[in-house]
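Peer 1: Note that the numbering used here has the sequence shown beginning at 1323, numbered continuously upward. Note that the Cβ used here is the ideal one computed from N, Cα and C, for glycine as well. Let me give you the structure first, and then I'll get to my questions.
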Amino acid sequence: MAVTFALVSPAPGGGLRLAAPAGAQSTQVLVVSRGQVLDEASAARRLAASEQSATDALQREIDAVKLELAAEEEELTRLRTTLSRDEFELRVAAFDQRVREERRRAQSLAASLQRAYRDARRHLVEALGPILEEVRVERGALAVIDAESVLAVDESIDVTARAIELFDERVSVPVVVMPDEPGARMPGGQTPGEGMPGATPVPGAVFPPEDAEQAPAEAE
(Lines of atoms letter the chains of each structure in order from A and count residues from 1; the text may use other names and numbers.)
(Lines give C-alpha, C1' and ligand atoms only; values in the text may rest on other atoms or scores of the structure.)
Protein backbone atom coordinates (compact mmCIF):
# COMPACT_ATOMS: atom_id res chain seq x y z
CA MET A 1 0.00 0.00 0.00
CA ALA A 2 1.47 3.33 -1.04
CA VAL A 3 1.58 6.07 1.54
CA THR A 4 1.04 9.76 0.95
CA PHE A 5 2.29 12.31 3.43
CA ALA A 6 -0.25 14.64 5.02
CA LEU A 7 0.53 18.17 6.19
CA VAL A 8 -0.43 18.62 9.84
CA SER A 9 -0.32 21.50 12.28
CA PRO A 10 2.63 23.89 12.19
CA ALA A 11 5.69 22.65 14.05
CA PRO A 12 7.63 24.85 16.48
CA GLY A 13 9.42 27.58 14.60
CA GLY A 14 6.74 27.92 11.94
CA GLY A 15 7.62 24.85 9.82
CA LEU A 16 5.23 22.11 8.79
CA ARG A 17 5.45 18.55 10.00
CA LEU A 18 4.90 15.52 7.81
CA ALA A 19 2.79 12.65 9.03
CA ALA A 20 2.09 9.22 7.56
CA PRO A 21 -0.69 6.78 8.45
CA ALA A 22 0.15 4.18 11.07
CA GLY A 23 1.15 0.77 9.76
CA ALA A 24 2.61 2.16 6.56
CA GLN A 25 4.52 -0.42 4.52
CA SER A 26 6.15 1.89 1.98
CA THR A 27 6.68 5.55 1.28
CA GLN A 28 6.46 7.65 -1.83
CA VAL A 29 9.62 9.59 -0.97
CA LEU A 30 13.09 8.32 -0.08
CA VAL A 31 16.11 10.30 1.05
CA VAL A 32 19.76 9.67 0.23
CA SER A 33 22.99 11.50 1.02
CA ARG A 34 24.67 11.67 -2.37
CA GLY A 35 27.79 13.15 -0.82
CA GLN A 36 28.09 10.29 1.65
CA VAL A 37 27.69 7.69 -1.08
CA LEU A 38 30.34 9.37 -3.24
CA ASP A 39 32.71 9.60 -0.27
CA GLU A 40 32.23 6.20 1.36
CA ALA A 41 31.63 3.82 -1.54
CA SER A 42 34.57 1.50 -2.17
CA ALA A 43 35.27 2.84 -5.66
CA ALA A 44 35.27 6.41 -4.39
CA ARG A 45 37.63 5.63 -1.52
CA ARG A 46 40.06 3.78 -3.79
CA LEU A 47 39.99 6.60 -6.32
CA ALA A 48 40.73 9.12 -3.58
CA ALA A 49 43.65 7.00 -2.36
CA SER A 50 45.00 6.77 -5.89
CA GLU A 51 44.75 10.53 -6.26
CA GLN A 52 46.60 11.12 -3.00
CA SER A 53 49.33 8.70 -4.06
CA ALA A 54 49.69 10.54 -7.35
CA THR A 55 49.84 13.88 -5.55
CA ASP A 56 52.62 12.63 -3.30
CA ALA A 57 54.53 11.19 -6.26
CA LEU A 58 54.39 14.47 -8.14
CA GLN A 59 55.57 16.41 -5.13
CA ARG A 60 58.53 14.06 -4.70
CA GLU A 61 59.46 14.55 -8.34
CA ILE A 62 59.15 18.31 -8.02
CA ASP A 63 61.27 18.35 -4.87
CA ALA A 64 64.00 16.36 -6.64
CA VAL A 65 64.05 18.83 -9.53
CA LYS A 66 64.21 21.76 -7.13
CA LEU A 67 67.24 20.22 -5.45
CA GLU A 68 68.92 19.82 -8.83
CA LEU A 69 68.23 23.44 -9.71
CA ALA A 70 69.49 24.65 -6.36
CA ALA A 71 72.73 22.71 -6.85
CA GLU A 72 73.10 24.11 -10.36
CA GLU A 73 72.57 27.63 -9.08
CA GLU A 74 75.22 27.13 -6.41
CA GLU A 75 77.63 25.89 -9.06
CA LEU A 76 76.98 28.98 -11.18
CA THR A 77 77.64 31.19 -8.21
CA ARG A 78 80.90 29.37 -7.56
CA LEU A 79 81.99 29.77 -11.20
CA ARG A 80 81.08 33.43 -11.34
CA THR A 81 84.62 34.59 -10.68
CA THR A 82 86.33 32.02 -12.92
CA LEU A 83 84.27 32.27 -16.12
CA SER A 84 84.43 35.04 -18.65
CA ARG A 85 81.51 37.45 -18.64
CA ASP A 86 80.14 36.10 -21.93
CA GLU A 87 80.37 32.45 -20.90
CA PHE A 88 78.81 33.19 -17.52
CA GLU A 89 75.90 35.02 -19.13
CA LEU A 90 75.31 32.08 -21.47
CA ARG A 91 75.17 29.68 -18.53
CA VAL A 92 72.83 31.97 -16.62
CA ALA A 93 70.50 32.20 -19.61
CA ALA A 94 70.48 28.41 -19.97
CA PHE A 95 69.74 28.03 -16.27
CA ASP A 96 66.85 30.48 -16.42
CA GLN A 97 65.44 28.63 -19.43
CA ARG A 98 65.54 25.31 -17.59
CA VAL A 99 63.78 26.81 -14.57
CA ARG A 100 60.97 28.05 -16.81
CA GLU A 101 60.69 24.71 -18.60
CA GLU A 102 60.58 22.75 -15.35
CA ARG A 103 57.92 25.07 -13.96
CA ARG A 104 55.76 24.67 -17.05
CA ARG A 105 56.23 20.90 -17.00
CA ALA A 106 55.22 20.61 -13.35
CA GLN A 107 52.17 22.81 -13.84
CA SER A 108 51.18 20.85 -16.95
CA LEU A 109 51.45 17.51 -15.15
CA ALA A 110 49.43 18.76 -12.20
CA ALA A 111 46.73 20.30 -14.38
CA SER A 112 46.52 17.16 -16.53
CA LEU A 113 46.02 14.95 -13.52
CA GLN A 114 43.45 17.31 -12.07
CA ARG A 115 41.44 16.94 -15.26
CA ALA A 116 41.92 13.17 -15.33
CA TYR A 117 40.69 12.65 -11.77
CA ARG A 118 37.87 15.14 -12.25
CA ASP A 119 36.69 13.05 -15.20
CA ALA A 120 37.01 9.88 -13.13
CA ARG A 121 34.92 11.38 -10.33
CA ARG A 122 32.33 12.44 -12.90
CA HIS A 123 32.06 8.78 -13.90
CA LEU A 124 31.17 7.91 -10.31
CA VAL A 125 28.57 10.69 -10.14
CA GLU A 126 26.97 9.46 -13.36
CA ALA A 127 26.95 5.88 -12.06
CA LEU A 128 24.97 6.94 -9.00
CA GLY A 129 21.81 7.73 -10.98
CA PRO A 130 21.00 4.14 -11.99
CA ILE A 131 21.79 2.98 -8.46
CA LEU A 132 19.26 5.38 -6.97
CA GLU A 133 16.68 4.35 -9.56
CA GLU A 134 17.21 0.73 -8.55
CA VAL A 135 16.66 1.64 -4.90
CA ARG A 136 13.53 3.63 -5.78
CA VAL A 137 12.00 0.70 -7.67
CA GLU A 138 13.08 -1.72 -4.96
CA ARG A 139 11.27 0.30 -2.29
CA GLY A 140 8.25 1.15 -4.46
CA ALA A 141 8.80 4.89 -4.04
CA LEU A 142 7.94 7.70 -6.42
CA ALA A 143 11.01 9.85 -5.77
CA VAL A 144 14.44 9.94 -4.17
CA ILE A 145 15.63 13.31 -2.90
CA ASP A 146 19.02 14.50 -1.68
CA ALA A 147 19.39 14.64 2.10
CA GLU A 148 21.05 18.04 1.75
CA SER A 149 17.68 19.44 0.68
CA VAL A 150 15.91 18.10 3.77
CA LEU A 151 15.90 19.74 7.19
CA ALA A 152 14.66 16.70 9.11
CA VAL A 153 13.89 13.14 8.11
CA ASP A 154 12.82 9.84 9.62
CA GLU A 155 15.62 7.28 9.42
CA SER A 156 13.23 4.74 7.96
CA ILE A 157 13.23 6.51 4.59
CA ASP A 158 16.99 7.16 4.49
CA VAL A 159 18.42 4.74 1.91
CA THR A 160 22.03 5.96 1.93
CA ALA A 161 23.39 2.70 3.35
CA ARG A 162 21.51 0.67 0.74
CA ALA A 163 22.79 2.94 -2.04
CA ILE A 164 26.38 2.43 -0.86
CA GLU A 165 25.83 -1.33 -0.76
CA LEU A 166 24.56 -1.40 -4.35
CA PHE A 167 27.23 1.05 -5.49
CA ASP A 168 29.91 -1.31 -4.19
CA GLU A 169 28.30 -4.21 -6.04
CA ARG A 170 27.74 -2.43 -9.36
CA VAL A 171 30.50 0.17 -9.79
CA SER A 172 34.21 -0.48 -10.25
CA VAL A 173 37.05 2.00 -9.87
CA PRO A 174 37.26 4.13 -13.03
CA VAL A 175 40.49 4.10 -15.03
CA VAL A 176 42.33 7.41 -14.88
CA VAL A 177 43.69 8.42 -18.30
CA MET A 178 46.33 11.12 -18.60
CA PRO A 179 45.39 13.17 -21.68
CA ASP A 180 48.77 14.86 -22.10
CA GLU A 181 50.76 11.63 -22.08
CA PRO A 182 49.59 9.09 -24.71
CA GLY A 183 49.27 5.61 -23.31
CA ALA A 184 49.57 6.63 -19.68
CA ARG A 185 46.65 4.84 -18.02
CA MET A 186 46.32 4.53 -14.28
CA PRO A 187 43.83 2.03 -12.83
CA GLY A 188 42.42 3.34 -9.56
CA GLY A 189 44.61 2.56 -6.61
CA GLN A 190 47.81 2.33 -8.65
CA THR A 191 50.59 4.87 -8.75
CA PRO A 192 51.06 6.38 -12.24
CA GLY A 193 54.09 5.50 -14.31
CA GLU A 194 57.34 7.41 -14.41
CA GLY A 195 56.84 11.09 -15.07
CA MET A 196 53.08 10.80 -14.72
CA PRO A 197 52.21 11.63 -11.11
CA GLY A 198 49.55 14.25 -10.63
CA ALA A 199 48.01 16.48 -8.01
CA THR A 200 44.83 17.84 -6.60
CA PRO A 201 45.18 20.68 -5.99
CA VAL A 202 48.06 21.89 -8.12
CA PRO A 203 51.05 21.97 -5.76
CA GLY A 204 51.68 25.45 -4.49
CA ALA A 205 54.95 27.23 -4.95
CA VAL A 206 56.41 24.53 -7.15
CA PHE A 207 58.80 27.12 -8.47
CA PRO A 208 58.96 30.86 -7.76
CA PRO A 209 56.94 33.14 -10.05
CA GLU A 210 58.80 34.11 -13.20
CA ASP A 211 59.04 37.74 -12.16
CA ALA A 212 60.52 36.65 -8.84
CA GLU A 213 63.37 34.62 -10.31
CA GLN A 214 66.82 35.73 -9.37
CA ALA A 215 69.68 34.38 -11.42
CA PRO A 216 73.17 34.29 -9.98
CA ALA A 217 74.80 37.69 -10.03
CA GLU A 218 76.71 38.41 -13.20
CA ALA A 219 80.47 38.52 -13.18
CA GLU A 220 81.98 41.93 -12.81
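So L1398 and F1417 are supposed to be a Cβ contact under 8 Å. How far apart are they, rounded?
Peer 2: So it is a contact: roughly 6 Å between Cβ atoms.
Peer 1: Evaluate V1351 with the Cβ neighbour count: other Cβ atoms within 10 Å of its Cβ, from every protein chain shown; 16 or more gives buried, anything less gives exposed.
Peer 2: Under this definition V1351 is a buried residue.
Peer 1: Leaving out five residues before and five after Q1512 in sequence, what residues of the same chain have Cβ atoms less than 7 Å from its Cβ?
Peer 2: For Q1512, the pLDDT reaches just 40, beneath the cut-off of 50, and the residue's location in the model is therefore unreliable, leaving the point undetermined.
Peer 1: Out of V1457, E1411, A1442, I1486, state which residue places its alpha-carbon closest to the alpha-carbon of V1499.
Peer 2: Checked all of V1457, E1411, A1442, I1486; the closest Cα to V1499 is A1442.
Peer 1: Which residues in the same chain as I1486 place their Cβ atom closer than 8 Å to its Cβ, once the five residues preceding and following it in sequence are excluded?
Peer 2: So the qualifying residues of the chain are Q1358, V1359, E1362, A1363.
Peer 1: Measure how close the beta-carbons of V1354 and V1459 come, nearest whole angstrom, since I'm counting them as under 8 Å.
Peer 2: Not a contact, Cβ separation roughly 14 Å.
Peer 1: With a Cβ-Cβ cutoff of 7 Å, do A1376 and L1446 count as a contact?
Peer 2: No, they are not a contact pair.
Peer 1: If you drop the 5 nearest sequence neighbours on each side, which residues of the same chain put their C-beta closer than 7 Å to that of E1456?
Peer 2: If we look at E1456 and ignore the five residues flanking it on each side, its Cβ neighbours are L1488.
Peer 1: On the three-state DSSP scale, how would you describe I1474?
Peer 2: A quick correction: the sequence has Ala, not Ile, at residue 1474. Of the three classes helix, strand and coil, the one that applies to A1474 here is coil, per DSSP.
Peer 1: Please name the residue, chosen from R1437, L1454, A1379, R1407, that lies closest to D1490 on a Cα-to-Cα basis.
Peer 2: It is L1454.
Peer 1: Give me the DSSP bridge partner(s) of L1446.
Peer 2: Note: L1446 sits in no beta bridge, so no partner.
Peer 1: If you follow the beta strand (DSSP E) that L1352 is in, where does it begin and where does it stop?
Peer 2: Run containing L1352: 1351 to 1354, per the beta strand (DSSP E) assignment.
Peer 1: Just the C-alpha distance for E1383 and E1396, rounded to the nearest angstrom, thanks.
Peer 2: The straight-line gap from Cα to Cα measures roughly 20 Å.
Peer 1: Using alpha carbons as the reference points, say which of Y1439, L1405, L1391 lies closest to E1423.
Peer 2: Comparing Cα-Cα distances from E1423 to each of Y1439, L1405, L1391, the minimum goes to L1391.
Peer 1: Have a look at T1349, E1477, A1366 and flag the residue whose alpha-carbon is nearest the alpha-carbon of P1496.
Peer 2: When each option's Cα is compared against that of P1496, the closest is A1366.
Peer 1: Would V1472 be called buried (16 or more neighbouring beta carbons within 10 Å of its own) or exposed?
Peer 2: Exposed, by the Cβ-count rule.
Peer 1: Starting from A1465, trace the beta strand (DSSP E) both ways and give me its first and last residue.
Peer 2: That run of the beta strand (DSSP E) goes 1465 to 1468.
Peer 1: Among S1478, Q1419, E1470, A1370, which has the Cα closest to the Cα of E1394?
Peer 2: When each option's Cα is compared against that of E1394, the closest is Q1419.
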